Amino acid sequence: MLAARIRAIPTARCSAWPMRISSSIFPNAIRHYSGMNVPNTPNNILRHAGDRNKVIDSRFWLRRWQSTQSNRAKSDSRGDESKTSGWKDIKRLFVLARPESRSLFLALGLIIVSSSVSMTIPSVIGKLMDVAEEGRDNEEQKKAGDDNEEEEDARSETLLHGLTLPQFYTALAVVFVVGATANMGRIVILKVTGEKLVARLRTRTLKAALQQDATFMDKSRVGDLISRLSSDASIVSKSLTQNMSDGTRAAIQGIAGFGMMSYISWKMTCVMMVLAPPLAAMALVYGRRIRNLSRALQTAVGGLTKSAEEQLSSTRTIQAYGGEKYAIHQYAKEVRDVYQVGLKEAITSGGFFGLTGLVGNIAVLALLYTGTSMIKTGTITAGDLSSFMLYAVYTGSSLFGLSSFYSELMKGAGAAARVFELNDRTPAIHPTKGRDPLTLDGKPVAYSNVEFAYPTRHQHKIFNDFNLEIWPGEHVCIVGASGGGKSTVASLLLRFYDVDAGAITVGGVNIKEFNLRKFRRMLGVVQQEPLLLNGTILDNIMYTVPEQIAKDKDRVRRAIGAANCSSFLTTFPDGLQTMVGPRGAQLSGGQKQRIALARAFLLDPSILILDEATSALDSRSEEVVARTLHARRERGKMTISIAHRLSTIQHSSRVVVLNRHGQVAETGPFELLYANPDSYLNKLLKEKDGGASLEEHETEETATANDSQEGR
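Numbering-wise (UniProt numbering), the sequence shown opens with residue 1 and increments by one.
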């Protein structure tokens, strides 16, 4: 049946295909994939030889061939781009080191001194060997009675450069001390310079990370950013200091060694330099390979750091669910990825240094053969050969050093690319451009025809024609179903994200016109799970608080009381100086929320945003906070609360209920909405497993649980 349909396809229809199948490339691809010898005709291409029930769709093979060609072109393009970006990154490495140019030039001078001292050793050894040989000959002649005693004493007094033996060794010792001192100074200067560079680079990278918009942070992995700050920055610093020092030293020794070898014997120098091109070619290939592997390794290390950070920060959850094996498995997977890249780097390095070592040994054999032949003919002395071989070793070592310098430079370029990628990224929302809002007191907030979807989920719209106006002196509570956009209202006002359409204004001015950093300083935010920094309770309350406010002890004390922090501070022996631990781990959820509230009350912002900020408070603390918020209303301050708890909703002056379509379903005083059985608020409360009574019951249970936690 299928074969009959195939035979029924007109030949003219086949000839109208976009691409003729009579070329020499496309049929070969079909033969390759089908394993059959298919003639170059359109009709036969549709038929699989030996099996009429199988059809080769020519359009499929056409697309496959075109995809292969496209991928090949993209691969070539990426390769060219990688080469270009690698050298650009290297250039930027030198630009990064420009502030330390004086120190680096001083280190360069010390390198020249220490290298010059080192390069005198082969010449000295050769001269001493010739002098020793002459002395031995003189002794033999003395025994034979050829020379008188006075002539022998004269020869023994003048050995090298007009110096006696004791004088020569004394001068040589002084030269070695100078070389050692220069080498010590070089190491100290480069170590200090390296630390300065890595400190500057890490500071710039962290600054760049903190300036990024929320979209970047949503897509990025914290562990990867930490890896860029730590290991990548260290590799870049090493490539600019220690590696540059080694490379410069190798270059100086190589040039000096080549010059001395040419001076001693240009014939043996030519033998030595025959092996230079293979070494250079191998170093070039190795350097490119190691740069790509270095970047892959640093990326894998970033994933490993991210995994470790996740596992260690979630220890309690992992232990509570018995997920230790799963966590170890996830971490082991990242470890294997790092191992695989490290294995490739080890094999590449081993192969390169093994081959270069073989080339070096061949060079030594060739030089020994040539040198011994020249000694027999009297062209050079044994001392000259010894000096030449030592200079050859120095020169060979310098060639290895230069190849190692190149590979380490490529490693630095790979690490620098990851660091510069972050430093160069321009945030979608610039943190410092725009005008100073001066003050937000007495200014309403308005959301006008706002449309928004999170950048990581473009297909899911949160708001569609969202409109809301909030007036000074109001305490507005925003409620709605989970995922309905309650927290998004706060995120958009804080301008973590920009709206897709519409506008958000404060006092009639679009918030996009404000200097974002100054605008945010006029807002106060308390999250449901506030993140406390590792330090004391007082440090966390004073975080970002201006110095003039921090000096007002009465104001600080009132803010602590307004958040009801005094009730648990009295139970701590160290009071405000109690350490909170990493992320506030030594405090309960309610205690952390009250510390964050105390910080917000101390700043007394014009607009305060509370995102489930009282969800972990007991009833007593919630009542104290409610009185504080009421006092803010009387002073004309605006408060925006996002809440699920009925008690929190009751304390607001107006309730805004959001529906599931990102729009305001209803708004009004709590008493009015709650009294209407058909209101959207009541429907929302009834959906919560039994309505308000159950909500209140859950509130009491939460308060009891947090009271027990605060006893820790």
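Just so you know, even glycine gets a beta-carbon here, dropped at the ideal spot from N, CA and C.
Since the structure is predicted, the reported quantities are computational estimates derived from the model, not experimental observations.
The shortest C-alpha to C-alpha distance from V271 to any of H460, F388, E474 and A208 is the one to F388. Taken atom to atom, the span from the alpha-carbon of S230 to that of T536 is near 26 Å. Taking C-beta separations shorter than 7 Å and ignoring five residues to either side along the sequence, the partners of A503 in its chain run S448 and N510, following chain order. Under the three-state reduction of DSSP, L468 is assigned to strand.
Y447 is bridged by DSSP to L468 and I504. The residue from L275, G414, S621 and W266 with its alpha-carbon nearest to that of I90 is G414. In the DSSP assignment, D611 falls within the unbroken beta strand (DSSP E) covering I607 to D611. Note: I640 is bridge-paired with V476 and I609 in the DSSP secondary-structure output. Within its own chain, the residues whose Cβ lies closer than 6 Å to the Cβ of A626, once the five positions on either side in sequence are excluded, are H651, listed in chain order. Taking the C-beta atoms as reference points, Y394 is found nearer than 8 Å to Q253.
In the three-state reduction of the DSSP assignment, I429 falls in the coil class. If you look at R599, you'll find it in the alpha helix (DSSP H) that goes G589 to L603.
Look at L104 here: in three-state DSSP terms it is helix. Around the Cβ of L531, a 10 Å sphere holds fewer than 16 other Cβ atoms; the residue is exposed.
Restricting attention to I649, Y406 and S566, the CA atom closest to the CA of I290 is found in Y406.
When DSSP reads this structure, T536 sits in a beta bridge with M579.
According to the DSSP secondary-structure assignment, G287 is paired through a beta bridge with no residue.
Under DSSP, F452 takes part in a beta bridge, and its partners are F463.
Contact between the segment 465-482 and the segment 657-667 is established, with three or more Cβ pairs separated by less than 8 Å. Taking C-beta atoms under 8 Å as the contact rule, I470 and P431 fail to qualify, at a distance of about 25 Å. Here the C-alpha atom of I607 lies approximately 21 Å from the C-alpha atom of N564.
Non-local beta-carbon contacts of T193 in its own chain, meaning distances under 6 Å to residues more than five positions away in sequence, involve E100, S103 and T241 in chain order.
Assigned with DSSP and collapsed to three states, T614 falls in coil, not helix or strand.
In the same chain as R202, and ignoring 5 residues on each side of it, the C-beta atoms closer than 6 Å to its own belong to L229 and A233, in chain order. Between the segment 180-193 and the segment 260-268 there are fewer than three C-beta pairs closer than 8 Å, too few to call the two in contact.
Using a C-beta cut-off of 8 Å, the segment 319-327 makes no contact with the segment 356-370, since fewer than three inter-stretch Cβ pairs fall below that distance. Scanning its chain for C-beta atoms nearer than 6 Å, with the 5 sequence neighbours on each side dropped, one finds around G524 the residues A600, L603, P605 and L608, in chain order. By the beta-carbon neighbour count (other beta carbons within 10 angstroms, threshold 16), N243 is buried. A Cβ-Cβ contact shorter than 8 Å links V301 with V338.
Secondary structure note for A665: it is in no alpha helix (DSSP H), and the uninterrupted beta strand (DSSP E) holding it is V664 to G668.
Selection G396, L440 and A598 evaluated against A251 yields G396 as nearest (Cα-Cα). When DSSP assignments are scanned along the segment 372-405, no uninterrupted stretch of beta strand (DSSP E) that is 3 or more residues long falls wholly within it. Sequence-distant Cβ neighbours of L390 in its own chain, meaning closer than 8 Å and more than five residues away, are I121, P122, I125 and G126. F514 has R435 as its beta-bridge partners, per DSSP. The straight-line gap separating the alpha-carbon atoms of Y543 and V419 is approximately 29 Å. Cβ atoms of L385 and T248 stay farther apart than 8 Å, at about 29 Å.
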